[in-house]
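In our numbering, the protein residues as written are 598 to 682.
Even glycine gets a Cβ: it sits at the ideal position worked out from N, Cα and C.
Beneath this line is the structure, given in structure tokens, with notes to follow.
Put into structure tokens, the structure is as follows:
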């Protein structure tokens, strides 16, 4: 089956669908377009995640935004009381 056979099959299916009543067309189109839309949405979601991965806010272990290390900063060390020795 070549390209012409595939195109002929699509043309026959289209002609059959157009000849049906509205109440037959709607469930068929929902059965076909629903899963295709779901797959397209998943693909778009993954593409957006890949593109925006670099632009996410990085957070340290204590939840502060914009900090990429987990080591405590000098300011937090100075503010913390020292334990008696």
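In terms of residues, what are the limits of the alpha helix (DSSP H) holding residue 643? Mapped onto the chain shown, residue 643 falls at position 46. 619-649 is the extent of the alpha helix (DSSP H) around residue 643.
Coarse secondary structure for residue 616, derived from DSSP in three states: Within the chain shown, numbered from 1, the residue matching residue 616 stands at position 19. Residue state, collapsed to three classes: coil.
Can you give me the C-alpha to C-alpha distance between residue 616 and residue 650, rounded to a whole angstrom? Within the chain shown, residue 616 is the residue found at index 19, counting from 1. Within the chain shown, residue 650 is the residue found at index 53, counting from 1. Spanning the two alpha carbons is a distance of roughly 48 Å.
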